[in-house]
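Novice: Counting in the UniProt record's numbering, the sequence shown runs from 1 upward without gaps.
Here it is, the structure, as structure tokens.
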Amino acid sequence: MANVETTLKEATTTIDGALGAALVDYGSGMALGTVGGGKDLDLGVAAAGNTDVVRAKVRTMEMLGLKDEIEDILITLGNQYHLIRLLKGRGSSGFFLYLALDRGRANLAMARHQLSRIEAELEI
1 MANVETTLKE ATTTIDGALG AALVDYGSGM ALGTVGGGKD LDLGVAAAGN TDVVRAKVRT
61 MEMLGLKDEI EDILITLGNQ YHLIRLLKGR GSSGFFLYLA LDRGRANLAM ARHQLSRIEA
121 ELEI
């Protein structure tokens with residue numbers, strides 16, 4: 001089992017095109033850890049903003065009566081992909097992994113696959 005720092009470092013070093021990653025508590029909107037980012041990608045702001053996205057989607061699913069689980073949420077921009085993966089492992093509900101990718105360098109299918117593998121190894 002990997003800790004938060006190791007998990008985020010692995011995400012940003014093994015996933016092609018990764019620009020930054022964060023582990024976020026969507027109850028509070030606070031990032032428990034971040035790696036990467038920079039002046040053009042403030043991961044603290046991204047954590048808080050994507051918390052609103054997750055909460056809205058969960059609320060919408062409840063209103064629709066959907067009895068399913070969100071695997072991930074994808075936001076495509078002109079130059080980036082933003083991938084939000086809700087965690088489902090023991091003791092990890094209420095958290096998500098956020099990964100920002102350079103669209104020109106990333107393979108989205110592989111990034112989703114690798115993020116799923118990384119999630120399975122994470123211990124919160």
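A virtual CB, placed ideally from N, CA and C, is assigned to each residue, including glycine.
Mind checking whether Met30 and Ala47 have CB atoms under 8 Å apart?
Specialist: Taking 8 Å as the Cβ cut-off, Met30 and Ala47 qualify as a contacting pair.
Novice: With H, G and I counted as helix, E and B as strand and the rest as coil, what does DSSP make of Ala100?
Specialist: Strand, per DSSP.
Novice: With Asp72 as the anchor, note down where its beta strand (DSSP E) starts and where it stops.
Specialist: Unbroken beta strand (DSSP E) run through Asp72: 72-76.
Novice: Any contact between the region 76-87 and the region 102-122? By contact I mean 3 or more CB pairs, one from each, below 8 Å.
Specialist: Counting Cβ pairs under 8 Å, three or more are found: they touch.
Novice: In this structure, does DSSP put Ile118 in helix, strand or coil?
Specialist: Residue state, collapsed to three classes: helix.
Novice: Measure the Cβ-Cβ separation of Leu74 and Leu87 and say whether it is below 8 Å.
Specialist: No; because the gap between Cβ atoms is not below 8 Å, this pair is not in contact.
Novice: What residues match up with Met30 in a beta bridge as DSSP calls it?
Specialist: Looking at the DSSP assignment, Met30 forms a beta bridge with Asp25.
Novice: Arg105 by DSSP, collapsed to three states: which one?
Specialist: In the structure shown, Arg105 sits in coil (DSSP, three-state: anything other than H, G, I, E or B).
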